[in-house]
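Asks: Using this note's numbering, read the sequence shown as starting at 73 and increasing by one per residue. Backbone N, C-alpha and C define an ideal beta-carbon position, used for all residues, glycine too.
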Amino acid sequence: MKVLVTGSAGFIGSALSIRLLDRGDEVIGIDNHNDYYDPALKEARLSRHIDHVNYTHINMDIENGEAVKELFEEHEFNGVVNLAAQAGVRYSIENPLAYINTNMVGFGHILEGCRHNNVGHLVYASSSSVYGSNTKMPFSIHDNVDHPLSLYAASKKANELMAHTYSSLYDLPTTGLRFFTVYGPWGRPDMALFKFTKAILAGQKVKVFNYGNHRRDFTYVDDIVEGVIRVLDKPAQSNTNWNGNNPDSGTSFAPWRVYNIGNNSPVELMDYIKAIENAVGVEADKELLPLQPGDVPDTYADVHDLVREFNYKPSMSVTKGVKKFVEWYKEYYNL
Numbered sequence: 073m074k075v076l077v078t079g080s081a082g083f084i085g086s087a088l089s090i091r092l093l094d095r096g097d098e099v100i101g102i103d104n105h106n107d108y109y110d111p112a113l114k115e116a117r118l119s120r121h122i123d124h125v126n127y128t129h130i131n132m133d134i135e136n137g138e139a140v141k142e143l144f145e146e147h148e149f150n151g152v153v154n155l156a157a158q159a160g161v162r163y164s165i166e167n168p169l170a171y172i173n174t175n176m177v178g179f180g181h182i183l184e185g186c187r188h189n190n191v192g193h194l195v196y197a198s199s200s201s202v203y204g205s206n207t208k209m210p211f212s213i214h215d216n217v218d219h220p221l222s223l224y225a226a227s228k229k230a231n232e233l234m235a236h237t238y239s240s241l242y243d244l245p246t247t248g249l250r251f252f253t254v255y256g257p258w259g260r261p262d263m264a265l266f267k268f269t270k271a272i273l274a275g276q277k278v279k280v281f282n283y284g285n286h287r288r289d290f291t292y293v294d295d296i297v298e299g300v301i302r303v304l305d306k307p308a309q310s311n312t313n314w315n316g317n318n319p320d321s322g323t324s325f326a327p328w329r330v331y332n333i334g335n336n337s338p339v340e341l342m343d344y345i346k347a348i349e350n351a352v353g354v355e356a357d358k359e360l361l362p363l364q365p366g367d368v369p370d371t372y373a374d375v376h377d378l379v380r381e382f383n384y385k386p387s388m389s390v391t392k393g394v395k396k397f398v399e400w401y402k403e404y405y406n407l
């Protein structure tokens with residue numbers, strides 16, 4: 073296959089590019105190399121695959137509609153995986169327009185590129201954040217998700233709606249993947265695991281929000297990538313049993329699907345911190361703080377549909393996954 077991976081210098085995008093290249097696909101990767109976090113980390117991720125004979129890297133912003141149009145016209149992509157996005161719940165409170173411009177306008181450009189160039193399948197990153205105020209656990213793709221708590225979450229829900237429109241009007245197969253708290257080596261510095269590890273090793277206080285009462289369905293990056301590839305290889309199909317009188321939120325009469333990709337095993341935040349302490353060999357000095365605006369107290373993925381349709385379920389334990397991250401972190405920063 074010839075696959076476009078947007079956000080290819082990102083945490084998941086880089087790991088996905090490597091896996092696709094390893095199996096013989098040709099990958100065109102684009103990234104805008106912004107400074108939301110240290111660009112040097114993005115360059116280091118890229119260095120693992122940028123010289124591969126089947127990889128082409130382009131410094132490009134998906135907000136640039138003309139550049140995206142030219143990209144799609146130049147290449148005949150069999151599949152597209154859109155991972156480019158402005159990430160982070162808390163930053164969306166400070167700078168909401170960044171999420172509208174990249175996650176919605178930019179995504180619109182990707183949809184247009186797929187529409188006009190006969191792309192066989194568009195897979196895109198959604199998020200567990202779309203579940204917002206929902207409290208019924210585990211979170212199911214068949215539940216209504218109309219009460220987001222941050223503009224980041226709203227932008228991801230908007231992506232699902234935009235994709236549905238294109239699937240319906242233009243018969244474009246699209247699949248949205250709701251990722252649940254992705255972690256692992258080469259991860260993002262704004263994520264809890266990176267922040268906690270950094271603070272513990274530096275002898276600084278670890279800020280623990282919601283007084284440690286969070287539960288998260290932490291999902292290892294390699295498990296996420298495996299799920300993305302399996303979904304990419306099986307374009308979305310219409311649900312012939314879909315009924316507008318009793319509409320199913322997770323499927324459609326159009327070739328449109330959404331799936332949860334999570335570990336299906338939520339972990340208490342304090343237990344997560346304990347796993348980091350064990351891997352580092354140092355006890356954390358914790359500062360307990362209230363719940364932050366935009367945060368969801370708990371996440372828990374129902375992955376029944378993923379298992380049934382792709383015979384796949386993430387499996388990495390938090391203990392092993394955190395240990396792998398800490399080993400990488402020490403090596404990367406020469407500690």
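(1) Examine the Cβ distances between the segment 186-199 and the segment 213-221 and report whether three or more of them are shorter than 8 Å.
(2) Could you tell me whether the Cβ atoms of R79 and G256 are closer together than 8 Å?
(3) To the nearest angstrom, report how far apart P386 and I296 are at their CA atoms.
(4) Of all the options E98, P210, A139 and M342, which has the alpha carbon lying nearest to the alpha carbon of H121?
(5) Alpha helix (DSSP H) containing A230: first to last residue?
(6) Applying the criterion that 16 or more other CB atoms from any shown protein chain within 10 Å of the CB defines a buried residue, is T253 buried or exposed?
(7) Determine the burial state of Y127: buried for a count of at least 16 other Cβ atoms within 10 Å of its Cβ, exposed for fewer.
(8) With 16 as the cutoff for other CB atoms within 10 Å, does S205 come out buried or exposed?
(9) Look at the alpha carbon of E232 and the alpha carbon of G334, and state the distance between them as a whole number of angstroms.
(10) Is it buried or exposed for E146, if we count other Cβ within 10 angstroms and need 16 for buried?
(11) Take every Cβ of the segment 231-251, pair it with every Cβ of the segment 305-312, and state whether three or more of those distances are shorter than 8 Å.
(12) May I ask you to report which of helix, strand or coil DSSP gives K141?
(13) How big is the Cα-Cα spacing for N106 and N313?
(14) Kindly list the residues whose CB is nearer than 7 Å to the CB of D110, restricted to its own chain and excluding five residues on each side of it in sequence; keep chain order.
(15) By the 10 Å Cβ neighbour count, where 16 or more other Cβ atoms means buried, how is G82 classified, buried or exposed?
(16) In this structure, how does DSSP classify V191 when only helix, strand and coil are distinguished?
(17) Check whether the Cβ atoms of G178 and K141 lie closer than 8 Å to each other.
(18) Count the other CB atoms within 10 Å of the CB of N318; is the residue buried (16 or more) or exposed (fewer)?
(19) Quick one: measure Cβ to Cβ for L407 and L273, integer angstroms, because I've assumed they're closer than 8 Å.
(20) For D320, which of helix, strand or coil comes out of DSSP?
(21) According to DSSP, simplified to helix, strand and coil, what is L76?
(22) Could you check which residue in N175, Y203, W328 and Y163 has the C-alpha nearest to that of P462?
(23) For F251, which residues of its own chain have a beta-carbon under 8 Å away from its beta-carbon, when the five flanking residues on both sides are left out?
(24) Give a yes or no on whether the C-beta atoms belonging to L118 and I100 are separated by under 8 Å.
(25) Ignoring anything shorter than 3 residues or poking outside the segment 85-160, list the beta strand (DSSP E) runs there in chain order.
(26) Applying the 10 Å Cβ sphere with the 16-neighbour rule, what's the burial state of H129?
(27) Is it buried or exposed for E135, if we count other Cβ within 10 angstroms and need 16 for buried?
(28) Which stretch, first to last residue, makes up the beta strand (DSSP E) that contains F382?
(29) Compute the distance between the beta-carbons of I348 and V398, then report whether it is under 8 Å.
(30) Quick one: Cα of L363 to Cα of G96, how far?
(31) With the cut-off set at 8 Å, would you say G284 and L169 are in Cβ contact?
(32) Assuming R288 contacts Y331 under a Cβ cut-off of 8 Å, what Cβ separation, rounded to an integer in Å, is found between them?
(33) Leaving out five residues on either side along the sequence, give the residues of the same chain with a beta carbon under 8 Å from the beta carbon of N311.
(34) So is P409 buried or exposed if we call it buried at 16+ other beta carbons inside 10 Å?
(35) Please work out which residues of its chain come closer than 6 Å, Cβ to Cβ, to S164, disregarding the five sequence neighbours upstream and downstream, and give them in chain order.
Replies: With the given structure in hand:
(1) no
(2) Reading the sequence shown from its first residue, position 7 is the one you call residue 79. Reading the sequence shown from its first residue, position 184 is the one you call residue 256. Residue 79 is actually Gly in this sequence, not Arg. No Cβ-Cβ contact shorter than 8 Å links G79 with G256.
(3) By 1-based counting over the sequence shown, the position of residue 386 is 314. By 1-based counting over the sequence shown, the position of residue 296 is 224. Their backbone Cα atoms lie some 7 Å apart in a straight line.
(4) For the purposes of this step, residue 121 is taken as residue 49 along the sequence shown, with counting starting at 1. Checked all of E98, P210, A139 and M342; the closest Cα to H121 is E98.
(5) On the sequence shown, position 158 is the one that residue 230 refers to. From DSSP, the alpha helix (DSSP H) with A230 extends over L223 to Y242.
(6) Indexing the sequence shown from 1 puts residue 253 at position 181. By the C-beta density criterion, T253 is buried, having at least 16 other C-beta atoms within 10 angstroms.
(7) Counting from one through the sequence shown, the residue named residue 127 turns up at place 55. Counting Cβ neighbours within 10 Å, Y127 comes out buried, since at least 16 surround it.
(8) By 1-based counting over the sequence shown, the position of residue 205 is 133. It is exposed - the Cβ of S205 has fewer than 16 other Cβ atoms within 10 Å.
(9) Against the sequence shown, residue 232 aligns to sequence position 160. Against the sequence shown, residue 334 aligns to sequence position 262. Approximately 18 Å, taken between the alpha carbons.
(10) Numbered from 1 along the sequence shown, position 74 holds the residue referred to as residue 146. Classification of E146: exposed, given that the 10 Å Cβ count is below 16.
(11) yes
(12) Residue 141 sits at position 69 when you count from the first residue of the sequence shown. Helix, per DSSP.
(13) Along the sequence shown, read from residue 1 onward, the residue named residue 106 stands at position 34. Along the sequence shown, read from residue 1 onward, the residue named residue 313 stands at position 241. Answer to the nearest angstrom: the Cα atoms are 44 Å apart.
(14) Within the sequence shown, numbered from 1, the residue matching residue 110 stands at position 38. The residues are P261.
(15) Counted from its first residue, the sequence shown places residue 82 at position 10. Label assigned to G82: buried.
(16) Looking up residue 191 in the sequence shown gives position 119. DSSP places V191 in the coil class of the three-state scheme, outside both helix and strand.
(17) Here the question's residue 178 lines up with position 106 in the sequence shown. Here the question's residue 141 lines up with position 69 in the sequence shown. Not a contact, by the Cβ cut-off of 8 Å.
(18) Looking up residue 318 in the sequence shown gives position 246. Result: exposed.
(19) The count along the sequence shown starts at 1 and reaches residue 407 at position 335. The count along the sequence shown starts at 1 and reaches residue 273 at position 201. The pair is a contact, with the Cβ atoms about 6 Å apart (cut-off 8 Å).
(20) Residue numbering aside, residue 320 sits at position 248 when the sequence shown is read from its first letter. Correct three-state label for D320: coil.
(21) Here residue 76 is taken as the residue at index 4 of the sequence shown, counted from 1. Here L76 sits in strand by DSSP.
(22) No answer is possible for residue 462: the residues shown for the chain start at 73 and end at 407.
(23) Position 179 of the sequence shown, counted from the first residue, corresponds to residue 251. Cβ within range, chain order: I84, A197, S198, S199, S200, T291, I296, I333 and G334.
(24) Looking up residue 118 in the sequence shown gives position 46. Looking up residue 100 in the sequence shown gives position 28. No, the Cβ-Cβ distance between L118 and I100 is not below 8 Å.
(25) 98-103, 127-131 and 151-154
(26) Numbered from its first residue, the sequence shown carries residue 129 at position 57. Buried, by the Cβ-count rule.
(27) The residue labelled residue 135 in the question sits at position 63 within the sequence shown. E135 is buried by the Cβ-count criterion.
(28) Stepping through the sequence shown from its first residue, residue 382 is reached at position 310. Premise fails: F382 lies in the alpha helix (DSSP H), H376 to F382, not in any beta strand (DSSP E).
(29) Working through the sequence shown from its first residue, we reach residue 348 at position 276. Working through the sequence shown from its first residue, we reach residue 398 at position 326. Yes; because the gap between Cβ atoms is below 8 Å, this pair is in contact.
(30) If you number the sequence shown from 1, residue 363 lands on position 291. If you number the sequence shown from 1, residue 96 lands on position 24. Going from the Cα of L363 to the Cα of G96 covers about 45 Å.
(31) Position 212 of the sequence shown, counted from the first residue, corresponds to residue 284. Position 97 of the sequence shown, counted from the first residue, corresponds to residue 169. No; because the gap between Cβ atoms is not below 8 Å, this pair is not in contact.
(32) Taking the first residue of the sequence shown as 1, we reach residue 288 at position 216. Taking the first residue of the sequence shown as 1, we reach residue 331 at position 259. With 8 Å as the limit, R288 and Y331 do not qualify as a contact, their Cβ atoms being about 19 Å apart.
(33) Translated into positions along the sequence shown, residue 311 becomes position 239. Answer for N311: D320, T323, S324 and F325, listed in chain order.
(34) Nothing about residue 409 can be read from this structure; the chain reaches only from 73 to 407.
(35) Translated into positions along the sequence shown, residue 164 becomes position 92. Only Y171, S222, L223 and Y224 meet the Cβ criterion.
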